[in-house]
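Protein chains: 2
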Amino acid sequence: MGKVKVAAIGVSMDGFAAGPDQSLENPLGVRGPELFGWFFPTKTFTEMHGSGGGTTGVDNDFAARSFVNVGAWILGRNMFGPVRGPWVDESWKGWWGTNPPYHVPTFVLTHHARQTLEMEAGTKFIFVTDGIQSALRQAKEAAGDKDVRIGGGVATIRQYLQAGLVDEMHLVLTPVLMGKGENLFSGLDLNALGFKCVERVSTELATHVVLKK
Amino acid sequence: MGKVKVAAIGVSMDGFAAGPDQSLENPLGVRGPELFGWFFPTKTFTEMHGSGGGTTGVDNDFAARSFVNVGAWILGRNMFGPVRGPWVDESWKGWWGTNPPYHVPTFVLTHHARQTLEMEAGTKFIFVTDGIQSALRQAKEAAGDKDVRIGGGVATIRQYLQAGLVDEMHLVLTPVLMGKGENLFSGLDLNALGFKCVERVSTELATHVVLKK
Numbered sequence: 029m030g031k032v033k034v035a036a037i038g039v040s041m042d043g044f045a046a047g048p049d050q051s052l053e054n055p056l057g058v059r060g061p062e063l064f065g066w067f068f069p070t071k072t073f074t075e076m077h078g079s080g081g082g083t084t085g086v087d088n089d090f091a092a093r094s095f096v097n098v099g100a101w102i103l104g105r106n107m108f109g110p111v112r113g114p115w116v117d118e119s120w121k122g123w124w125g126t127n128p129p130y131h132v133p134t135f136v137l138t139h140h141a142r143q144t145l146e147m148e149a150g151t152k153f154i155f156v157t158d159g160i161q162s163a164l165r166q167a168k169e170a171a172g173d174k175d176v177r178i179g180g181g182v183a184t185i186r187q188y189l190q191a192g193l194v195d196e197m198h199l200v201l202t203p204v205l206m207g208k209g210e211n212l213f214s215g216l217d218l219n220a221l222g223f224k225c226v227e228r229v230s231t232e233l234a235t236h237v238v239l240k241k
Numbered sequence: 029m030g031k032v033k034v035a036a037i038g039v040s041m042d043g044f045a046a047g048p049d050q051s052l053e054n055p056l057g058v059r060g061p062e063l064f065g066w067f068f069p070t071k072t073f074t075e076m077h078g079s080g081g082g083t084t085g086v087d088n089d090f091a092a093r094s095f096v097n098v099g100a101w102i103l104g105r106n107m108f109g110p111v112r113g114p115w116v117d118e119s120w121k122g123w124w125g126t127n128p129p130y131h132v133p134t135f136v137l138t139h140h141a142r143q144t145l146e147m148e149a150g151t152k153f154i155f156v157t158d159g160i161q162s163a164l165r166q167a168k169e170a171a172g173d174k175d176v177r178i179g180g181g182v183a184t185i186r187q188y189l190q191a192g193l194v195d196e197m198h199l200v201l202t203p204v205l206m207g208k209g210e211n212l213f214s215g216l217d218l219n220a221l222g223f224k225c226v227e228r229v230s231t232e233l234a235t236h237v238v239l240k241k
């Protein structure tokens with residue numbers, strides 16, 4: 029059976045995994061992109077955006093690994109888009125254009141029902157209105173033997189952590205001070221939840237850590 | 029003129045720089061020693077404790093550097109000892125025996141007046157009852173051209189940070205999850221306070237970062 033995993037989450041020295049004030053102009057929050065200094069130059073990222081080139085090496089290895097064996101994704105609604113409240117129409121189709129980087133069933137947590145949305149190359153956004161447990165059940169069923177990746181954002185990851193439903197996390201500790209934004213750790217006791225650091229590799233840009241139960 | 033610096037502070041992935049429940053048995057709080065996995069093996073530490081041996085290399089370089097050019101220290105009362113409230117007598121003389129590792133005037137913040145305490149080899153504990161600004165003024169005067177090091181604990185460092193009085197910090201990011209204890213960052217905005225990461229070196233055991241204004 030697959031794992032439930034979180035991967036490739038950039039975290040500042042002071043524990044923030046997204047900047048404050050997410051909006052259409054700032055999908056990652058203000059200064060959020062600074063948490064991805066390790067990711068944007070990689071071959072994995074540049075290929076995803078069709079620009080070609082990109083670095084190989086440890087940062088890219090971890091970036092690539094985060095997409096391996098993923099059978100379904102779960103996203104919080106804000107990771108899907110900047111729209112808040114009821115869907116006014118169905119024009120918003122995610123931050124990623126016609127071919128999002130998921131290519132498998134992707135469950136979006138929301139309080140507002142919406143028809144399933146089929147995108148290119150296998151990405152299908154399924155909107156779940158009855159909570160994180162239901163989304164995980166559906167995602168596991170869709171993933172079969174493969175893993176379910178909790179893509180984010182931070183609030184969604186925190187909910188799954190708090191509920192004890194995450195098996196593994198790959199965090200990327202970046203030498204940035206955010207000061208404000210969405211704190212990944214605040215009020216969570218990952219030690220009590222049973223996580224230990226089982227892998228740690230540093231590069232010029234960041235330190236990759238893998239935490240497992 | 030000297031700087032006001034914080035140095036050699038081990039910080040867990042989740043932002044804790046000490047464990048919870050400090051006591052006579054747990055001077056660094058429960059599990060606190062796990063934050064010093066990079067420090068205890070170093071030549072700097074082992075020589076300080078007279079046991080000899082110890083590692084050289086990057087961890088030791090940073091450990092040694094933390095003691096260079098320090099003209100005065102400031103410690104919070106809990107870093108000086110486990111005694112709370114009024115001093116019942118003067119029998120408690122710090123955690124460190126007759127020859128503490130300071131060797132310069134060392135100002136201890138407390139609400140309870142006490143006579144200055146002269147230890148071996150130049151360490152002198154001066155108890156300051158009129159606040160952090162007063163302690164810093166006295167420490168700067170004692171240090172002359174040299175630096176003032178805010179030794180800790182976490183609450184004391186946080187007070188000096190919040191007051192905008194710290195010029196430089198060397199933190200040692202350790203691959204440990206504490207879950208609880210004394211959080212260094214919580215509620216502080218180090219970015220707004222003007223800090224930036226100016227140096228970052230990783231070893232097998234930890235990642236050293238230097239933050240400056």
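From first to last, the protein sequence lines stand for chains A and B. Our numbering runs 28 ahead of the 1-based position in the first sequence. Our numbering runs 28 ahead of the 1-based position in the second sequence. Glycine residues also receive a C-beta, built at the ideal position from the N, C-alpha and C atoms.
1) Can a CB atom of chain A be found closer than 8 Å to the CB of B/Lys31?
2) Could you say which of A/Ser162, A/Pro114, A/Gln187 lies nearest to A/Asn211 if we only look at CA atoms?
3) Please give me, in chain order, every unbroken run of the beta strand (DSSP E) with length at least 3 that falls completely inside the region 150-180 of chain A.
4) Please classify B/Trp101 as buried or exposed, where buried requires at least 16 neighbouring CB atoms within 10 angstroms.
5) Measuring only the C-alpha atoms, how far is B/Asn88 from B/Val98?
6) Leaving out five residues before and five after A/Thr83 in sequence, what residues of the same chain have Cβ atoms less than 7 Å from its Cβ?
7) Exposed or buried, which one is B/Trp66 when buried takes at least 16 other CB atoms within 10 Å?
8) Quick one, which of B/Ser119, B/Val39, B/Gly207, B/Trp115 has its alpha-carbon nearest B/Thr157's?
9) My assumption, with CB atoms under 8 Å, is that B/His236 sits in contact with B/Val200. Please give the rounded CB distance.
10) B/Lys224 to A/Leu205, Cα distance in whole Å?
11) Note down the Cα distance separating B/Gln252 from A/Leu52, rounded to an integer number of angstroms.
12) With burial defined as no fewer than 16 other Cβ atoms inside 10 Å of the residue's Cβ, what is the status of B/Val32: buried or exposed?
13) Throw me the rounded Cβ distance for the A/Ala171 and A/Phe155 pair, which I believe falls under 8 Å.
14) For the region 206-223 of chain B, enumerate the residues whose C-beta is nearer than 9 Å to any C-beta of chain A, in chain order.
15) So A/Arg228 is in the beta strand (DSSP E); what residue range does that whole segment cover?
16) Counting only the same chain and skipping the five closest in sequence on each side, list residues whose C-beta sits under 7 Å from that of A/Pro48.
17) Note down, one range per segment and in chain order, each beta strand (DSSP E) of at least 3 residues found wholly within the region 114-141 of chain B.
Straight from the coordinates:
1) Taking the second sequence and counting its residues from 1, the one referred to as residue 31 of chain B is at position 3. Contact with chain A is absent for B/Lys31, since none of that chain's Cβ atoms lies less than 8 Å from the residue's Cβ.
2) Position 183 of the first sequence holds residue 211 of chain A. The shortest Cα separation from A/Asn211 among A/Ser162, A/Pro114, A/Gln187 belongs to A/Gln187.
3) Look at the region 150-180 of chain A and you find these whole runs of beta strand (DSSP E), each 3 residues long or longer: 152-156, 175-180.
4) Numbered from 1 along the second sequence, position 73 holds the residue referred to as residue 101 of chain B. Its Cβ being crowded by 16 or more others within 10 Å, B/Trp101 is buried.
5) Within the second sequence, the letter at position 60 stands for residue 88 of chain B. Within the second sequence, the letter at position 70 stands for residue 98 of chain B. Spanning the two alpha carbons is a distance of roughly 17 Å.
6) Counting from one through the first sequence, the residue named residue 83 of chain A turns up at place 55. Cβ-Cβ distances below 7 Å link A/Thr83 to Pro69, Thr70, Lys71 in the same chain, with the five nearest sequence neighbours on each side left out; the list follows chain order.
7) Locating residue 66 of chain B in the second sequence gives position 38, counting from the first residue. Label assigned to B/Trp66: buried.
8) Looking up residue 157 of chain B in the second sequence gives position 129. From the listed residues B/Ser119, B/Val39, B/Gly207, B/Trp115, the smallest Cα separation to B/Thr157 is found for B/Trp115.
9) Locating residue 236 of chain B in the second sequence gives position 208, where the first residue counts as 1. Locating residue 200 of chain B in the second sequence gives position 172, where the first residue counts as 1. With a contact defined as Cβ atoms closer than 8 Å, B/His236 and B/Val200 qualify at about 6 Å.
10) The residue you call residue 224 of chain B lines up with position 196 of the second sequence. The residue you call residue 205 of chain A lines up with position 177 of the first sequence. Those two C-alpha atoms are separated by around 7 Å.
11) No answer is possible for residue 252 of chain B: it lies beyond the span of chain B, which begins at 29 and ends at 241.
12) To locate residue 32 of chain B, count along the second sequence from 1; it is residue 4. It is buried - the Cβ of B/Val32 has at least 16 other Cβ atoms within 10 Å.
13) What you label residue 171 of chain A is simply residue 143 of the first sequence in a count that begins at 1. What you label residue 155 of chain A is simply residue 127 of the first sequence in a count that begins at 1. Going by Cβ atoms, the distance from A/Ala171 to A/Phe155 rounds to 18 Å, so no, they are not a contact pair.
14) So the close ones are Met206, Gly207, Lys208, Asn211, Leu212, Phe213, Ser214, Leu216, Asp217, Leu218, Asn219, Ala220, Leu221, Phe223.
15) Here residue 228 of chain A refers to the residue found at position 200 when the first sequence is read from its first residue. Secondary structure note for A/Arg228: its beta strand (DSSP E) is the uninterrupted segment 224-230.
16) Here the question's residue 48 of chain A lines up with position 20 in the first sequence. Closer than 7 Å at the Cβ level, and outside the excluded window around A/Pro48, lie Gly57, Val58, Lys208, Gly209.
17) If we require 3 residues or more, the beta strand (DSSP E) runs fully inside the region 114-141 of chain B come out as 133-137.
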